[in-house]
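Following: one structure in structure tokens, then a few remarks.
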Amino acid sequence: MIIDISCYPTKLVDLAWRHDGEPFTGERLLKMMDGPYYVNGKPRRIDKAFIQPPQGNTIYTDGYGDLTGKAAIRDYMSYTVELVQKYPDRFIGCFVYNPRYGTQNGAEEIEHHAKEYGFKMVQLQANMHAYRPDRALDWLRPAMRKCADLGLIVKVHTGDGPYSIPTEFYPIIREFPSVNFVLGHFGVQTGGVYVFEPFQMAMDAPNIYVESGWCLQSRIVEFAKELPKHKLLFGTDTPPNEPGMWLRLLEVLCHEPPQGLNLDEDTLEDYLGNNIGRMIGLDPTPPPRSVEEAQARLKGAHASLQPA
Numbered sequence: 001m002i003i004d005i006s007c008y009p010t011k012l013v014d015l016a017w018r019h020d021g022e023p024f025t026g027e028r029l030l031k032m033m034d035g036p037y038y039v040n041g042k043p044r045r046i047d048k049a050f051i052q053p054p055q056g057n058t059i060y061t062d063g064y065g066d067l068t069g070k071a072a073i074r075d076y077m078s079y080t081v082e083l084v085q086k087y088p089d090r091f092i093g094c095f096v097y098n099p100r101y102g103t104q105n106g107a108e109e110i111e112h113h114a115k116e117y118g119f120k121m122v123q124l125q126a127n128m129h130a131y132r133p134d135r136a137l138d139w140l141r142p143a144m145r146k147c148a149d150l151g152l153i154v155k156v157h158t159g160d161g162p163y164s165i166p167t168e169f170y171p172i173i174r175e176f177p178s179v180n181f182v183l184g185h186f187g188v189q190t191g192g193v194y195v196f197e198p199f200q201m202a203m204d205a206p207n208i209y210v211e212s213g214w215c216l217q218s219r220i221v222e223f224a225k226e227l228p229k230h231k232l233l234f235g236t237d238t239p240p241n242e243p244g245m246w247l248r249l250l251e252v253l254c255h256e257p258p259q260g261l262n263l264d265e266d267t268l269e270d271y272l273g274n275n276i277g278r279m280i281g282l283d284p285t286p287p288p289r290s291v292e293e294a295q296a297r298l299k300g301a302h303a304s305l306q307p308a
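Counting in the UniProt record's numbering, the sequence shown runs from 1 upward without gaps.
Okay, structure coming up:
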């Protein structure tokens, strides 16, 4: 199966990025996930996605979001909760931790969302929430303690200065060695290209993983030669991104050098979904071995969605 770790469905146009068009709802995301996308010539779909609210909708914005404390947190998480309950076979919840609504409030809401709705991941967005992670450790510790207790994965937005440079998260990562941290966007965003930092950090620390999306194509080939195979996770940052381009980023690893590295399809399947699946207790699945098998899987997946 293919699992995307970074998707942002919303019923309200992102208040920070202010994308054009209608809100990118859960139903729009599902349609996009269904593709089909072609991976090594075989039709595939994105089977599951971790979802969360767009970061711009997790902060106070003039004219919107006047709530405070736990009420504010539950408000910005409400649509994600709705979708996780409505489409449990496709969506997995990711909680956005904003310490500015109260560190204890946030920690308690992490536990609530994990126990009540099965959330498996927590996201940190230090730039959007305006704190320096290597200095605001007291803001992060309550949430990280809860993640350690509950076995939750922590995904970290990286790639922007001044507060989302990957190495700024090293102090909190070192302090919580039992928590698995995913460096989102491979250190690439609007503010910089820090790809070598996530690579070196993942090579250095056993609890650091990297998200494939946003990495440079030539660098992903270079890094995949050295990274432990369980360390690379598929994520697309959809929207604004379109997932097919990031599937292609990993598919090219199966090509011949110098563009690829002759990667086998079983390892590619680990990158596309089995690695993160194992981390949340899902059994790994083999890649389809033929076009016909891939088509049959898609047909079976669509049939399972039809009413009895």
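No residue lacks a Cβ here, since even glycine has one placed at the ideal position from N, Cα and C.
- Within the segment 159–229, the alpha helix (DSSP H) runs of at least 4 residues that lie entirely inside it are, in chain order, 170–175, 196–204, 217–224.
- Nearest neighbour of residue 239 by Cα position, chosen from 5, 294, 9, 3, turns out to be 9.
- Straight-line spacing of the CA atoms in residue 95 and residue 198 works out to 22 angstroms.
- With fewer than 16 other CB atoms across the displayed protein chains lying within 10 angstroms of its CB, residue 71 is exposed.
- Excluding five sequence positions before and after residue 137, the CB atoms of its chain that fall closer than 8 angstroms to its own CB belong to 171, 172, 175, given in chain order.
- Following the DSSP letters along the chain, one finds residue 1 in no beta strand (DSSP E), marked with neither H nor E.
- Within 10 angstroms of the beta-carbon of residue 158 lie 16 or more other beta-carbons, which makes it buried.
- Membership of residue 70 in the alpha helix (DSSP H) is indicated by the continuous run 69–86.
- In this structure the segment 68–86 does not lie against the segment 32–46, because fewer than three pairs of beta carbons, one per stretch, are closer than 8 angstroms.
- Three or more Cβ pairs closer than 8 angstroms define a contact, and the segment 96–114 meets that threshold against the segment 124–133.
- Nearest to residue 140 by C-alpha distance, out of 123, 151, 150, is 123.
- By the criterion of a C-beta distance shorter than 6 angstroms, residue 154 is surrounded in its chain by 122, 147, 179, 181, once the five residues flanking it on both sides are discounted.
- In the three-state reduction of the DSSP assignment, residue 110 falls in the helix class.
- By the Cβ neighbour-count rule, residue 214 is buried, with 16 or more other Cβ atoms within 10 Å of its own.
- The three-state reading of DSSP puts residue 140 in helix, counting H, G and I together.
- According to DSSP, residue 259 shares a beta bridge with no other residue.
- Per DSSP, residue 284 is not a residue of any beta strand (DSSP E), being assigned neither H nor E.
- Listed as beta-bridge partners of residue 48 by DSSP are 3.
- Residue pairing by DSSP places residue 157 opposite 184 in a beta bridge.
- Remark: three or more beta-carbon pairs, one from each stretch, lie closer than 8 angstroms, so the segment 46–59 and the segment 12–20 are flagged as touching.
- The Cβ atoms of residue 201 and residue 226 do not sit closer than 8 angstroms to each other.
- Residue 230 has its alpha-carbon roughly 26 angstroms from the corresponding atom of residue 291.
- For residue 253, there is no enclosing beta strand (DSSP E), as DSSP marks it with neither H nor E.
- In the DSSP annotation of this structure, the continuous segment of the beta strand (DSSP E) that includes residue 124 starts and ends at 121–124.
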